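These notes concern the structure reproduced below.
Residue numbers (my numbering), protein chains in the order written: chain X, 34 to 1029; chain C, 96 to 359.
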């Protein structure tokens, strides 16, 4: 065992950053200095000379020093904290160090020869042991990392080397699971998992393999099937069925009958909407491949399609925010690579929903209060860093995203990741958007190896987060392995036509991908002994369902196998033949020459019993809402800008590369004042001026009153944002991502049905089809507060709508910033008294104060589709004619915030008069300024374009508010007047996340 | 995207058709390195084609097995990206691989009076490979940073001729140029510093010296900042009189900024 330590010998900004962060976090600890050392622990048969050679390459001798003996501790420090990974956790730094060492040696290391990375952080100051512990707690995540705290004296006495080697005991094999048991025991197996067996005696032990999330009816169906087969299932079969039938994979809640909706709400309201729209559009239908592939695809031009897919990765992000978010983004990238025969990812999107990062709410997963939840601040920091690593390292721009804050996201955060792709329609005569594995094709696994990481991801996310949530379900992505895979795939193998089908290894691992592709050919025969593993000793069920990242499965005709293998070898990506696709109608898996799975394809995919669901309307008591106090609205406007749902998130936009690939037209931060936009425009092909508009709509706060109105508002907002950026309603598609909670209760199902119905009504009216979607139904946390009392936190029923459209000329894109002094400001749409569940309301609720009783569900914005459609088309037409200088959708925070954002972005003041707005808010200052009525857009128009603009807008409801002028934002309201300098507004907008 | 039709690319919109290319009898050939996480090779290729050249993307492993490919090229580019995920230090693993296996071949290539550029991660690679002096340190904000900056051209490098000022997006986590004082002085005296930041860098805290800060934003970043550079090599490591090597910490290709004509 060897250890190489590397430390900076020049100015180390990362150590300084640690110091600043820790001081801010622990103001009472007297921390005076921080320095760091990077360590590489080498568990390999290499000699001292080779170690020294490796060290010279792991350190840049101009700026760094190394040691092969000690850990390069500074002269003065109080405590040293070493942080490394737990056994089996993906260690990308260790992996790169291993490759560097191989390069030095000029030979390949054996599979068992591993390099582990760890970091030493040296803390100086007047610290107690307790202080050092607190700091160490802040610096590591015990679910994936190990930590040791050592005093300076102990270090001087010598530091042992820790190598987190994976040791698996026992003889891995498949076991038969006896299902001839009582219903009670059957239910137990379904809920808690298969009992483990003792290694020597084969006897059942109290421990279980982990949750299957199979209901009693499902377990009975399995028992009956295997009765007919004349045997008990193996644990491999049972685990695979659990994965395939999971809510995560089969979307049972959307698929099964709900009340009178016999075909399920997905078929009726989502797919049904798309079918109706496509029919109505006839020859103008732009959908090409919807709902049946890993992403949805629409036509871009005559040669190319664009794809889009948005995923969530909520449960893993709650446990390990960084790993969870890396996996979210590289996972959804694979949904793009896995579309058709492989689309190239050209943009990522994100959405992070968390509890207020500045409010500490201590929660625990266990009654003993030993398993604390990470704070909202750490979750947000972690997921932000995760998408940074995943997106940036993959070379995919990340131009669009949002942060939403609500106390209901404290238990389990929502982490959305989306990927837009580009794919030629054809290569030669082959359509690239269609695929079919054929009988006789080799099953080829490409990318990373299989380990224990990511076991039970699919079934885990189908349950709520609680004490039993398995830590092995956490994975850390390795974006570089995937980038290599992607290069080999998209640049070479796809265009050489070497494979017939491809799918991502996501939920359920091989069992999911192979099982899915085997539908195309009619069966499969897999040999698990051929699957490359990270370490020996994995049981067959683990190999079959592990969700270890960066893997895809291909169907490769025999004659192409060697050619394909050669390409992947050159790119240094592992490609392994693990079986063959068949047509016999059976899914057969072997391990050590024995069959461990042998089930019919039909049972595997269609054997799950339908479960009839019934909903019931929730009881909504009249709600106490904050009374609207008479207050200084200038102060309120500034306070609103300083809220995380409204304020700028440039700290995220700046650290996500939006320029790589050179396709960015309008930016994530717009105008001189760099204000976050809710829509962006891309130009995917450098030789074509055609563009893609991406936008989002997220309005889940309204769910507290009415999920139908919430869903309608989310769709309206996404479309409105897209229109503002330059899109047209007739070339716009939608994606739906439902993140619900407590979805096994009739009340939530009622709310789900209402939201799905709104999706249908809105989409069909606007003519904007759904092309892809995903749902995550159990965003619940069940645990304990610091007093040891039981707590259940259910996330607000949430719906993210993503819009994607095509425009003819990117030069006609519009940004949100005011452009020029003297331009006229227009407001399109009606402003009603709709402050229900608004940001204004939320702020007053937090502040306490006088409350009034309002009927349940009142005051939440209601969408008027007819008015809005007319207005959107008129604005699109004006944009087409270059009449609109700036446009912003009025959303969270109302007109007051929209005005402030456009003004801040442009660095220009404005003088507007809101004394006579159109709509029922008339006369009430707070309503006028902060109501979140839908369908409204704030535009600025050049004076010489006003006449033509008005001509085009005829029929739409709109009014002129004033002009861009000066260095103040001046707003006349019926009772008050606001007059704020732009500097003050700008500072408020940037205030919430200022030091992030 | 190798499939892009390139014939339409001499786009009027994207700017000048350099005399450099039009004066040559044959179009210059640029080899663009790829593999192990480099990721801006497609737009770099497009940029060279827009400028009137030929460009080929080559995987580093193909060059390792056939270094003679270099003979066909007049220009070599190490594009941006995340080789080896920046793990163990940005550009280190890739730079070492270049130094060990292609060092001599690249020296020979440069001795022919050819051009070489390192963009972003490529700059980090060529300093680690010893082709340019110095090293790139983590940004002062200890974070990957992507934003537009204005740069002033400071010398006569063939890469920069005819340009006095340019706006480009930068994107990197380790973009603070470092070299020992003596090296820096020498570089300045010999006018080998090609570009300095004029605006935008202060708020992302990249290096040490910055002429001015126009970004009215984010005043907490009090440090002065310096630039990273295009360096022209003429002596020392390369013993090449032609000043033909360029490393740029941020950089993006003209293509990236070309696409940004709607601007920030």
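Even for Gly, the Cβ is constructed at its ideal location relative to N, Cα and C.
Bear in mind the structure is a predicted one, so any value in this text is a computation, not a measurement.
Within its own chain, the residues whose Cβ lies closer than 7 Å to the Cβ of residue 989 of chain X, once the five positions on either side in sequence are excluded, are 861, 903, 904, 907, listed in chain order.
Cβ-Cβ distances below 7 Å link residue 865 of chain X to 952, 953, 954, 964, 966 in the same chain, with the five nearest sequence neighbours on each side left out; the list follows chain order. Its Cα nearest to that of residue 205 of chain C, the residue C:226 stands out among C:226, C:194, C:122, C:132. Residues of the segment 261-280 of chain C that bring their beta carbon within less than 7 Å of a beta carbon in chain X comprise 264, 266, 273, in sequence order. Bridge pairing for residue 405 of chain X: X:397 [DSSP]. With a threshold of 7 Å between beta carbons, residue 177 of chain C makes contact with chain X.
Comparing alpha carbon positions, the residue from X:854, X:210, X:927, X:535 closest to residue 590 of chain X is X:535. Assignment of residue 810 of chain X by DSSP, reduced to helix, strand and coil, places it in the coil class. Considering only X:708, X:141, X:632, X:290, the residue with the shortest C-alpha distance to residue 435 of chain X is X:708. For the C-beta of residue 691 of chain X, the chain C residues within less than 7 Å are, from N- to C-terminus, 241. Taking the Cα positions, residue 643 of chain X is about 8 Å away from residue 290 of chain X. The alpha-carbon separation between residue 612 of chain X and residue 166 of chain X amounts to approximately 50 Å. For the segment 153-166 of chain X, the set of positions with a beta-carbon nearer than 7 Å to some beta-carbon of chain C is empty. The continuous alpha helix (DSSP H) containing residue 797 of chain X extends over residues 779-799. In the three-state reduction of the DSSP assignment, residue 574 of chain X falls in the helix class. Spatial neighbours of residue 668 of chain X in its own chain (CB-CB distance under 6 Å, excluding positions within 5 residues in sequence) are not present.
If you draw a 10 Å sphere on the C-beta of residue 583 of chain X, you find 16 or more other C-beta atoms in it, and that means buried.
Residue 226 of chain X places its beta carbon less than 7 Å from that of residue 241 of chain X. Under the 8 Å Cβ criterion, the segment 833-845 of chain X does not count as touching the segment 358-375 of chain X, having fewer than three qualifying pairs. With a cutoff of 7 Å on beta-carbon distance, residue 287 of chain X and residue 328 of chain X are scored as not near each other. Burial check for residue 980 of chain X: the Cβ neighbour count within 10 Å stays below 16, so the residue is exposed. Collapsing the DSSP output to three states places residue 646 of chain X in a strand.
Contact between residue 898 of chain X and residue 280 of chain X is absent: CB atoms are separated by about 32 Å, not below the 8 Å threshold. Straight-line measurement puts the Cα of residue 1023 of chain X at about 28 Å from the Cα of residue 291 of chain C.
In the DSSP assignment, residue 995 of chain X falls within the unbroken beta strand (DSSP E) covering 991-997. When the five nearest sequence neighbours on each side are left out, the beta carbons in the same chain lying within less than 8 Å of the beta carbon of residue 673 of chain X are those of 679, 872, 873, 876, 926, 929, 930, 963, in order along the chain. DSSP places residue 688 of chain X in the helix class (H, G or I) of the three-state scheme. DSSP places residue 62 of chain X outside both helix and strand once states are collapsed to three, so it counts as coil.
The Cβ of residue 54 of chain X sits no closer than 7 Å to any Cβ of chain C.
With respect to the 7 Å criterion, residue 353 of chain X and residue 177 of chain X are classified as neighbours on the basis of their beta carbons. For the C-beta of residue 126 of chain X, the chain C residues within less than 9 Å are, from N- to C-terminus, 180, 182, 183. Not a single CB atom of chain C sits nearer than 7 Å to the CB of residue 976 of chain X.
Residue burial is scored here from C-beta neighbours: residue 34 of chain X has fewer than 16 other C-beta atoms within 10 angstroms and is therefore classed as exposed. Only exposed fits residue 562 of chain X, as fewer than 16 other CB atoms lie within 10 angstroms of its CB. When the Cα atoms are used, residue 299 of chain X and residue 834 of chain X turn out to be separated by approximately 15 Å. By the C-beta density criterion, residue 646 of chain X is buried, having at least 16 other C-beta atoms within 10 angstroms.
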